Structure formats: structure tokens, C-alpha cells
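Participant: Before I ask anything, here is the structure I am working with.
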Amino acid sequence: MLEIKYVRQNLSEVYNSLKKRGDMSALDAFQGIEAVRREILGELEDLRHQRNVVSGDIADLKRKGEDAEGLVVQMRDVSGRIKVLEKNLTEHEEKISEILIRLPNIPHASVPVGKNETDNPVVRRVGEPTSFDFEPKAHWTLGEDLKILDFERAAKIAGARFPLYFGAGARMERALINFMLELHTTEHGYTEVLPPFIVNRKTMTGTGQLPKFAEDLFKLENWDYFLIPTAEVPVTNIFQDEILDEDRLPIYFVAYTPCFRSEAGSYGKDTRGLIRQHQFNKVELVKFVTPETSYDELERLLNNAETVLQKLGLPYRVVSLCTGDLGFSAAKTYDIEVWMPAQNTYREISSCSNFEGFQARRAGIRFRRKGKKGTEPVHTLNGSGLAVGRTLAAILENYQQADGTVIIPEALRPYMGGQEIILPRP
RNA sequence: GGAGAGAUGGCCGAGUAGGUCUAAGGCGCUCGCCUGCUAAGCGAGUAUGUGGGGAAACUUGCAUCCAGGGUUCGAAUCCCUGUCUCUCCGCCA
360 MLEIKYVRQN LSEVYNSLKK RGDMSALDAF QGIEAVRREI LGELEDLRHQ
410 RNVVSGDIAD LKRKGEDAEG LVVQMRDVSG RIKVLEKNLT EHEEKISEIL
460 IRLPNIPHAS VPVGKNETDN PVVRRVGEPT SFDFEPKAHW TLGEDLKILD
510 FERAAKIAGA RFPLYFGAGA RMERALINFM LELHTTEHGY TEVLPPFIVN
560 RKTMTGTGQL PKFAEDLFKL ENWDYFLIPT AEVPVTNIFQ DEILDEDRLP
610 IYFVAYTPCF RSEAGSYGKD TRGLIRQHQF NKVELVKFVT PETSYDELER
660 LLNNAETVLQ KLGLPYRVVS LCTGDLGFSA AKTYDIEVWM PAQNTYREIS
710 SCSNFEGFQA RRAGIRFRRK GKKGTEPVHT LNGSGLAVGR TLAAILENYQ
760 QADGTVIIPE ALRPYMGGQE IILPRP
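Right under this line is the structure:
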């Protein structure tokens, strides 16, 4: 959410910077409604002041045993008027917050201008695309042949876009989670968190999933609860409505959670394999930092996520999302894309964003500077470190051998009891 | 699921026959004084949001005692609804 004062005072700038990001009709209405709101508020506060003063007078008169009936009658009218204005004010406030809560974040000045993902510039490439002297197979073929992935039976149990792992597949998924958590906690200074996987409406609104993107979420029937689409949601909301002392910042959290997404509107996309699932595992990095450090922190967070790929020996590239491809809440985002040999392309495996104060204002996460009055929103950041299912898919494809077996990356072996290779399950 | 108790400022905690609550008191914290260090002591300050004035220190209006509604000239206080917490019972991994 943008700050109401900022929108009021910089309407044309807000308009311009958000124009590329979609429907601006709501913003057109803002100015008029906000002017009326402020007018009502002015009159209302005057009347409330009058009521406060006169009520005190009435109390004095009664204490002295004098007659106060005249003032009481007078205040009856004032109170009536206050009630009308209050209702009116509430209506205008609701309209304003309805507009503000649906307004996306303003892109940072360093974000490249562009229309869609084809305009995202590549920041760097690390590692060469894996070369094979045979035709590399897709991870779903490898997984099914090795009998460590079974999409057919998963569909029977749940439906399309659900995973079912067996044997070394299940073990590698678990090993990846542990490997990533260990790396980020012991080498990168993050504190491990295990949050709820189901959250309420306020929490979903705090990070920006609601109200605009309800169709992307799984909602529990008869409950105002939602399955989390990412650990970002519960973890960022840990400090919801809190004021942190400056010296507590920065705060780094890493959390493993399953993630649940409806994938509405992606019918026909990535229908095979682990790339696009209704349920997948992810290790997420979340930071709470002071505004002046947040862009340095973004670079470090990105590096922390890249380290996972480097240690696993997977080729990847980093792209900077352009204005047209930026998510609703983000001010700046880097995507990390891993090389997928069978598809002969890079696929997103991590998304690292700085939200600046956008989520913090929605969720009420503030901090107090030492020796200064007042509070400021913290800056929040997060990034996948990494999407686990996609990492497993990338390992299968990049580490496959001509005979269909898969070498286990060395960094992962300690988490798999020393196992070095995945052979077909009998 | 049944019965009961509760929710007040950073923390503890007073405050229910509605009216100096413009929220006592304590702790903590900040600044200053004092003591050669430390401790103790003394003094002052110490919530959030939003609007006005001021270069600023500051000053001033309104709102906020879990949330939402109601009664009233006036609500932390009375009424209704909801949320959460705690205790006991039942059930349960």
C-alpha cells in the first residue's frame, strides 16, 4: 500500500509510474473522494471538540447542582450531526482504502522499463548450459523411469498438478530442504522459522495477495482461512502491527513450507513435470531492514539464493524484471533462472524482491530510530532460496547420464546418507 | 464440545452506583544532576495514528483502554455481537 499522504501530494507522479502497470480508473476517483473526506473530517473534528468542551461544562454544572438542561438539549443536536458525519466519513474512508489497497507498488528507479518478460535484461550468467553427448530426457521421464516420481498416481489421489515422490526422489526433496536450511542458517545468518501453513485474511492482505489475487489462492470452505502460496506470507506477517527498535534490524528469517497455488489461468502451461504444481515445497528467505539499506540487502539476498545453485553446480542466469513484469507488491525484483536441458531453456527457480515499505504499511510493521520520535515502515524483502521441486527437476535433468541414472551433486550427498547416484527403483 | 475467568500505555498494574480518566502507581528506558568507578539518590521526559501552527525545539485539535455495533449531552466504565487468551472437564496426534 502506498501512503495516502504521498498519493495525495504526488498524484501525477503516482499516476505516471503506475500507468504501465494496469487499470488506473480507480486512481481517477481518488482525488475527489479524498477532498470530500478531508472536508467531512474537518467539520467532524470541530463538532467533536465542541461536544468534548460542553460535556465538561455539563459535568461541572451538575456537580454544583445547577441546571444543565439547555446545554444537554443543544448537544443532542450536535451529537446527531456528529453521528451523520461519522457515517459519511466511514463511507469515504472505505472508498479511499479500497482504492489504495488495490494500487500496486511504484517501481524503483533502477527497474528497467519494458512491457513483458521478453524485456527483462539478463544481469549475469553463471555456468555454461550443460552439454550432453546424448539426447537429454525431461525430468518427468527420468523420474518416472527411475520410479521416483509418479504423476499418474498423484492424479488419482488428488488431481492434476500434484506431486508424488518415492524412494530417492522423496529423499532428495527432503535432503534439498535440509541442505538449503543449513546453508542459510549457518553461512548466511538467517534464523530458521517454521510458520503456520494456513493464514487468515488480514495476513493475506498484509503481503498483498488479497484483495486482488484471491483467485490464485486455495481457500478453506466455511473458514476465512487460506492455504499459503509462499512462506513470505506468514513470515513477513510475524511482526504485523508491531513497532521494532532500530537496533533489532536487520532481521533475517529462512523458512521451509509447502506452498499451495490454484494456478488459475495457467491451463495448458507446464502440464508435465514438477514445474507448475498446486502443491510444492519452497525454502524462503525473508528480511526486515531499514530503508537506507534495503537495496544492498536485496543484492545480498540474491547472492544467498545464487549460492544454493552454485553449490549444487547448476547453471543459471539472473534477470531483472522490467516494469511490465514486476509483481503487484514489489518495487524491484530479480529472478534467478536455472538451466533446464530437456527444454533447452532457463526456467525461474527463485524470485528475489524488495518491497520497500509497501507490505510494511499494509501489515503495520514499523520501527523507531534511536533517539528519534515517531515511527517509519520497515522495508521488507524476500526471495526463494530455492523452489525445491524445481531444483530437484533441474538436478535430474542436468545430472542425468546416458543410461537414465542420475548423479547426486556432491553438496547434497551428506544429506542423503552418502548416496552418490540414483538407480532405477525395482 | 461443556463450564468459568479475562483482554488497559514498552512491561506490570489501578480504575465498573458513567462526568477534572486530559488513565493512578510501579518497572523499564532516555536525558540531566550528584557521587573519583559501580551501585544508590535527585530532577525531567517517555504510546500510536491523523490534521493545524512553527525553520526547529515545540505547540495545538481529533481519534484510540481487544474489535465492531448500541444506550447517553457525555462510555475504559452500561448493553449486544465477535475475536483472542487463560483455567477446569470431555475428545484427540
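Quick note: our numbering has the first sequence finishing at residue 785, numbered continuously throughout.
Think of the CB as a built atom: it goes at the ideal place given N, C-alpha and C, for glycine as much as any other residue.
Keep in mind it's a predicted model, so treat the numbers as computed, not measured.
Take GLU605 and list the residues in its own chain whose beta-carbon comes closer than 8 Å to its own, dropping the five residues that flank it on each side.
Facilitator: If you number the first sequence from 1, residue 605 lands on position 246. Excluding sequence neighbours, GLU605 sits near THR649, PHE726, ARG727, ARG728 and LYS729.
Participant: Considering only residues of the same chain and omitting the five flanking positions on each side of VAL395, which have a CB-CB separation below 7 Å?
Facilitator: The residue given as residue 395 occupies position 36 in the first sequence. Hits under 7 Å: HIS451.
Participant: Note down, in chain order, each residue of its chain lying with its Cβ closer than 6 Å to the Cβ of ARG639, except the 5 sequence neighbours on either side.
Facilitator: For the purposes of this step, residue 639 is taken as residue 280 along the first sequence, with counting starting at 1. Per the sequence shown, residue 639 should be read as Phe rather than Arg. Around PHE639: CYS618 and GLY748.
Participant: How far does the beta strand (DSSP E) with HIS738 in it extend, from its first residue to its last?
Facilitator: Locating residue 738 in the first sequence gives position 379, counting from the first residue. First-last of the beta strand (DSSP E) with HIS738: 738-746.
Participant: Measuring straight from C-alpha to C-alpha, what distance separates ARG772 and GLU372?
Facilitator: Taking the first sequence and counting its residues from 1, the one referred to as residue 772 is at position 413. Taking the first sequence and counting its residues from 1, the one referred to as residue 372 is at position 13. Approximately 53 Å between the Cα atoms of the pair.
Participant: Starting from THR545, trace the alpha helix (DSSP H) both ways and give me its first and last residue.
Facilitator: Here the question's residue 545 lines up with position 186 in the first sequence. 526-545 is the span of the alpha helix (DSSP H), which, as asked, contains THR545.
Participant: At what residues does the alpha helix (DSSP H) containing ASP604 begin and finish?
Facilitator: As a working note, residue 604 is residue 245 in the first sequence. Careful: ASP604 lies outside any alpha helix (DSSP H), inside the beta strand (DSSP E) at 601-604.
Participant: Tell me which same chain residues have a C-beta within less than 7 Å of the C-beta of GLU393, skipping the five on either side of it?
Facilitator: Mapped onto the first sequence, residue 393 falls at position 34. Cβ within range, chain order: ARG367 and ILE455.
Participant: Please return the same chain residues whose Cβ sits closer than 7 Å to the Cβ of GLU696, not counting the five positions on each side in sequence.
Facilitator: Mapped onto the first sequence, residue 696 falls at position 337. Here the set comprises TYR675, ARG676, VAL678, TYR705, ARG706, GLU707 and ILE708.
Participant: May I ask which residues mark the beginning and end of the alpha helix (DSSP H) holding TYR365?
Facilitator: As a first step, residue 365 is located in the first sequence; it is residue number 6 there, counting from the start. Here the alpha helix (DSSP H) through TYR365 covers 363-368.
Participant: What are the residues that DSSP puts in a beta bridge with ALA614?
Facilitator: Working through the first sequence from its first residue, we reach residue 614 at position 255. VAL552 and GLU643, per the DSSP bridge assignment.
Participant: Taking LYS515 as part of the alpha helix (DSSP H), name the residues at either end of that continuous run.
Facilitator: Here residue 515 is taken as the residue at index 156 of the first sequence, counted from 1. Its alpha helix (DSSP H) spans residues 510-516.
Participant: Tell me the rounded alpha-carbon separation between VAL737 and GLY627.
Facilitator: Residue numbering aside, residue 737 sits at position 378 when the first sequence is read from its first letter. Residue numbering aside, residue 627 sits at position 268 when the first sequence is read from its first letter. Near 40 Å, if we compare the C-alpha coordinates of GLY627 and VAL737.
Participant: Provide the residue span of the alpha helix (DSSP H) that contains LEU586, from first to last.
Facilitator: The residue given as residue 586 occupies position 227 in the first sequence. No alpha helix (DSSP H) holds LEU586; the beta strand (DSSP E) holding it covers 584-586.
Participant: Please look up how many angstroms separate the CB atoms of THR739 and PHE714, rounded, as I've assumed it's under 8 Å.
Facilitator: Looking up residue 739 in the first sequence gives position 380. Looking up residue 714 in the first sequence gives position 355. Confirmed, Cβ separation roughly 5 Å.
Participant: Run the CB neighbour count on ASN833, radius 10 Å, all protein chains shown included, and call it buried at 16 or more, exposed below.
Facilitator: With the chain running from 360 to 785 in the structure shown, residue 833 is simply not present.
Participant: Just to confirm the assignment, what range does the alpha helix (DSSP H) spanning MET434 have?
Facilitator: As a first step, residue 434 is located in the first sequence; it is residue number 75 there, counting from the start. Per DSSP, MET434 belongs to the alpha helix (DSSP H) from 428-460.
Participant: Please list the segments of the alpha helix (DSSP H) lying wholly inside the region 460-506, counting only runs of 4 or more residues, in order along the chain.
Facilitator: Here the runs fully enclosed are 498-504.
Participant: I'd like to confirm the pairing. Which residues does DSSP put opposite PHE726 in its beta bridges?
Facilitator: The count along the first sequence starts at 1 and reaches residue 726 at position 367. DSSP output for PHE726 lists LEU603 and GLU735 as bridge partner(s).
Participant: Alpha carbon to alpha carbon, how far is GLU656 from GLY439? Give it in angstroms, no decimals.
Facilitator: To locate residue 439, count along the first sequence from 1; it is residue 80. To locate residue 656, count along the first sequence from 1; it is residue 297. Answer to the nearest angstrom: the Cα atoms are 53 Å apart.
Participant: Going by other Cβ atoms of all chains shown within 10 Å of its Cβ, with 16 needed for buried, is THR630 buried or exposed?
Facilitator: Walking along the first sequence from the start, residue 630 turns up at place 271. Label assigned to THR630: exposed.
Participant: From SER743 to TYR374, what distance separates their C-alpha atoms?
Facilitator: Start at 1 with the first residue of the first sequence, and residue 743 comes out as number 384. Start at 1 with the first residue of the first sequence, and residue 374 comes out as number 15. About 31 Å.
Participant: Where are the alpha helix (DSSP H) runs, 4 residues long or more, that stay fully inside the region 361-423, in chain order?
Facilitator: The region 361-423 contains these whole alpha helix (DSSP H) runs: 363-368, 370-378 and 384-422.
Participant: Starting from ARG635, follow the beta strand (DSSP E) in both directions and report where the run begins and ends.
Facilitator: Reading the first sequence from its first residue, position 276 is the one you call residue 635. It is not in any beta strand (DSSP E) - ARG635 carries neither H nor E in the DSSP assignment.
Participant: Any chance you could list the alpha helix (DSSP H) runs of at least 4 consecutive residues sitting entirely within the region 681-725, in chain order?
Facilitator: If we require 4 residues or more, the alpha helix (DSSP H) runs fully inside the region 681-725 come out as 717-722.
Participant: Give the DSSP bridge partners of ARG676, in chain order.
Facilitator: Residue 676 sits at position 317 when you count from the first residue of the first sequence. In the DSSP output, where bridge partners are listed per residue, ARG676 has ARG484 and GLU696.
Participant: With burial defined as no fewer than 16 other Cβ atoms inside 10 Å of the residue's Cβ, what is the status of ALA752: buried or exposed?
Facilitator: As a position in the first sequence, residue 752 is number 393, starting the count at 1. That one is buried.
Participant: Could you spell out the range, first to last residue, of the beta strand (DSSP E) harbouring ASN581?
Facilitator: As a first step, residue 581 is located in the first sequence; it is residue number 222 there, counting from the start. It is not in any beta strand (DSSP E) - ASN581 carries neither H nor E in the DSSP assignment.
Participant: I want to know whether the region 714-723 touches the region 507-524 - three or more CB-CB distances under 8 Å.
Facilitator: Not touching, per the Cβ criterion.
Participant: Under the DSSP definition of a beta bridge, which residues are partnered with ILE754?
Facilitator: The count along the first sequence starts at 1 and reaches residue 754 at position 395. According to DSSP, which records beta bridges pairwise, ILE754 is partnered with nothing at all.
Participant: Which residue wins for smallest C-alpha separation from PHE521, given the options ASP762, GLN636, GLU601 and ARG784?
Facilitator: Here residue 521 is taken as the residue at index 162 of the first sequence, counted from 1. Of ASP762, GLN636, GLU601 and ARG784, the residue nearest in Cα terms is GLN636.
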